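Here the protein sequences come in this chain order: A and C.
The numbering of the first sequence is my numbering, which starts it at 1 and goes up by one.
The numbering of the second sequence is my numbering, which starts it at 1001 and goes up by one.
Cβ atoms here follow ideal geometry from the backbone N, Cα and C, with glycine treated the same way.
Predicted model, so just to flag it, every value in this text is computed and none were measured.
Notes to accompany the following structure.
There are 2 protein chains.
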Amino acid sequence: MNVRECASLLKKQDDILIVTHKNPDGDTVASAAALCSALRRCGKRAFLYPNPQFNKKQRPLAESFLAAADFAPGFIVSVDVATEELFARGFAGKVDLAIDHHPTNTHFGSQELVQAEKSACGEIVLALTKALCGDVTAEEASLLYIALTTDTGCFQYDNTNDASLTAGAELLRLGADSPCIIKTFFRSASPARLKLEGMIYSGMRFYRSGRIAAALITQEMLRESGATEDDFDDLASLAGRTEGSILNFTIRELPNGGSKVSVRSTKEISSSAICAHFGGGGHAMASGCTIAEKPEKAAALLMDVVNELYP
Amino acid sequence: MNVRECASLLKKQDDILIVTHKNPDGDTVASAAALCSALRRCGKRAFLYPNPQFNKKQRPLAESFLAAADFAPGFIVSVDVATEELFARGFAGKVDLAIDHHPTNTHFGSQELVQAEKSACGEIVLALTKALCGDVTAEEASLLYIALTTDTGCFQYDNTNDASLTAGAELLRLGADSPCIIKTFFRSASPARLKLEGMIYSGMRFYRSGRIAAALITQEMLRESGATEDDFDDLASLAGRTEGSILNFTIRELPNGGSKVSVRSTKEISSSAICAHFGGGGHAMASGCTIAEKPEKAAALLMDVVNELYP
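Right under this line is the structure:
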């Protein structure tokens, strides 16, 4: 289905419920909110499923669109959801239309608008909004700029391409409030988060002249900094800042004393092979596993595996 | 002078020396290198003035373009230089053509291409390269992407507009190597820099429930982290990450024991009024001063002034 066909399908529906994915990110919530706004401008009753996992920065975006408990949807649209396992609640088998940009989309929607070449779902919703309404409001442009910048790390991730920057330019022309969005989503950390980063950077371990870096996050650091779930965004990217590093670990102590490990690598190293040793897995350059030891000991075990695989 | 006129002026010249500004940033060095490459493709002898202040990340960009000591320029072009005080060496009164984007340009060039609406000088050099050569090489595109992203904080600073994103999209289409550029200029910090950031974040002071934040950098922290000049980029921006802060200080101890203070504020607070108390000054939202005390005591004195001006 193309964008025009998708718009005409939506125009025939009403009582539309838009659902977002588990552990929601900026793209799913802001794209969903922008779509909801556009549908309402077309005269539709449209709401967002009140995903209980929306965080402090996401809640204000969704606020005016949330469905009441007694809302009976006539048509269900998922936004930025790749598989049915990613639903916060039992929407499996019930999605009438899936709008997504993940190459891994499992085609669970009765109908779908999946464009895997897009950096963010927000780019698809931008085209859809124009097809639905003929225009885009400044508020919708701001929502879509949030979707686009959060999914591309403000144009720093490798998924950034000329189309994402072109979409960004269009959204600024349409009135997206870039200074406010950047401040909120990229340049703003609570004192607790700054304190936690301070402890993480101060305690980083470097191996093989800094080619390998490890960030250790203990329960004590979490307590001492006062950090809460809202402060945990993107912690796994800090170790990767190390100049010249080709492999990095983020090792976070779990409340039960075990450690959750994120592994990131350049293409000469297989993150997933390292994690497989501990029963974990993922992608070649980004994987995860759990180790039943405290971070200090987990780091040593990880280095044992690295020394074995890459002597 | 417009871009077309500027290109035809340059085509009539030879033995062109391109000069950059003091305390060079990515925009001045990478725009200058791209222009030099384009001029050479037009058959010109063109070189960069070997600015002794180029840092570790900048030197590789300039390397293949540096003028030898005996080069006798026939035509001098400045790139990204706003005033003659900003020359690393005595080029005052000798600039034949000034290419710049600063609204504060003092019109010191015999001829000039000044476009104050541009976010980066790289945008002007992009247009000029196309006018000179009819095309842009992938290497030039990478240089210009460095210029554009470093001057806009990878599209995060308030000078980012739809034209800067459109230029970014064009440069990616032309072959700019975004992943490598982002890694080098935005996602790469030496272990010493990470250690220093750790100490800075760990030691941050917050006043008035975090509305005011201060980062203190002592000589001892510099020694202990092993940080060098190459690690000092943009340190004054760390304190400004504090969520909800409207005023922040970065207070760096000088080798002689005094403190160099950077003040940043939102528009309701005058940074320059605060700095004026200590004989400093600058812009309303970004100023500086020197205080003949160690950082701890300097912070207390700054807060005295804040409490007086903004009780």
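If we call anything under 9 Å between Cβ atoms a contact, is residue i one with residue j?
i         : j         : result
A/Phe47   : A/Phe71   : yes
C/Leu1066 : C/Pro1050 : yes
A/Leu196  : C/Arg1241 : no
C/Gly1090 : C/Ala1098 : no
A/Glu268  : C/Ser1188 : no
C/Ala1316 : C/Ala1138 : For chain C, the structure presents residues 1001 to 1311; residue 1316 of chain C sits outside this window and is missing.
C/Cys1036 : A/Phe155  : no
A/Asp14   : A/Lys56   : no
C/Leu1128 : C/Ala1213 : no
C/Ala1286 : C/Arg1205 : no
C/Cys1121 : C/Asp1151 : yes
C/Val1079 : C/Ile1016 : no
A/Glu84   : A/Gly93   : yes
A/Ser164  : A/Ser119  : yes
A/Thr184  : A/Ile217  : no
C/Ser1272 : C/Leu1309 : no
A/Gly280  : A/Thr290  : yes
For residue i, which of helix, strand or coil comes out of DSSP?
i         : result
A/Tyr201  : helix
C/Ser1008 : helix
C/Thr1266 : coil
C/Asn1248 : strand
C/Gln1156 : coil
C/Gly1240 : helix
C/Gly1288 : strand
C/Phe1075 : strand
A/Lys260  : strand
C/Tyr1310 : coil
C/Phe1185 : helix
C/Val1136 : coil
A/Gly122  : helix
A/Val114  : strand
C/Leu1165 : helix
C/Gly1043 : coil
A/Val315  : Residue 315 of chain A falls outside the range modelled here, since chain A spans only 1 to 311, and no answer is possible.
C/Asp1151 : helix
Is it right to say residue i is buried, meaning 16 or more other beta carbons lie within 10 angstroms of its own, or is it exposed?
i         : result
C/Asp1158 : exposed
A/Cys180  : exposed
A/Asp100  : buried
C/Pro1073 : buried
A/Ala116  : exposed
C/Asp1096 : buried
C/Glu1253 : buried
C/Asn1256 : exposed
A/Asn248  : buried
A/Ala68   : exposed
A/Lys265  : Residue identity differs from the one stated: residue 265 of chain A is Ser in this sequence, not Lys. Looking at its Cβ environment, which holds 16 or more other Cβ atoms inside 10 Å, A/Ser265 is buried.
C/Ala1292 : exposed
C/His1021 : buried
C/Leu1061 : buried
A/Ser64   : exposed
C/Gly1226 : exposed
Of the residues the options, which one's Cα is nearest the Cα of residue i?
i         : options                                    : result
C/Thr1160 : A/Glu85, A/Glu170, A/Asp151                : A/Glu170
A/Glu5    : A/Ser209, A/Arg241, A/Ala131               : A/Ala131
A/Tyr278  : A/Ser265, A/Leu301, A/Asn256               : In the sequence as displayed, the identity of residue 278 of chain A is Phe instead of Tyr. When each option's Cα is compared against that of A/Phe278, the closest is A/Leu301.
C/Ser1245 : A/Gln115, A/Pro191, A/Ser37, A/Lys44       : A/Pro191
A/Glu112  : A/Asp162, A/Gly43, A/Leu9                  : A/Leu9
C/Phe1186 : A/Glu123, A/Pro295, A/Arg252, A/Ser237     : A/Ser237
C/Met1001 : C/Glu1085, C/Ile1124, C/Phe1249, C/Glu1140 : C/Ile1124
C/Thr1104 : C/Arg1059, C/Ser1178, C/His1283, C/Thr1166 : C/His1283
C/Pro1295 : C/Ala1215, C/Gly1122, C/Glu1308            : C/Ala1215
A/Val306  : A/Cys275, A/Gly226, A/Glu293, A/Ala167     : A/Cys275
A/Cys42   : A/Gln58, A/Lys11, A/His21                  : A/Lys11
A/Ala167  : A/Gln219, A/Glu220, A/Ala141, A/Gln58      : A/Ala141
A/Arg59   : A/His107, A/Leu143, A/Glu308               : A/Leu143
C/Met1303 : C/Arg1211, C/Gly1281, C/Ala1227, C/Gly1226 : C/Arg1211
C/Pro1311 : C/Val1114, C/Val1077, C/Arg1208            : C/Arg1208
C/Leu1313 : C/Gln1219, C/Leu1126, C/Ile1182            : As shown, chain C starts at 1001 and ends at 1311. That puts residue 1313 of chain C outside it, with no answer to give.
A/Ala7    : A/Lys297, A/Gln219, A/Val77                : A/Val77
A/Val3    : A/Ala239, A/Val114, A/Lys297, A/Met221     : A/Val114
Should the stretch 135-147 of chain A be called in touch with the stretch 23-36 of chain A, which here means at least 3 C-beta pairs below 8 Å? yes
Does the stretch 185-204 of chain A come close enough to the stretch 1195-1210 of chain C to have 3 or more Cβ pairs within less than 8 Å? Short answer: they touch.
Kindly confirm or deny that the stretch 223-234 of chain A and the stretch 258-269 of chain A touch, where touching means at least three C-beta pairs closer than 8 Å. Touching, no, given that fewer than three Cβ pairs across the two stretches are closer than 8 Å.
Just checking, does the stretch 18-25 of chain A make contact with the stretch 119-138 of chain A on the three C-beta pairs under 8 Å criterion? no
Compile a chain-ordered list of the residues in the stretch 50-74 of chain A whose CB is closer than 9 Å to at least one CB of chain E. Among the protein chains in the structure shown, which are A and C, there is no chain E.
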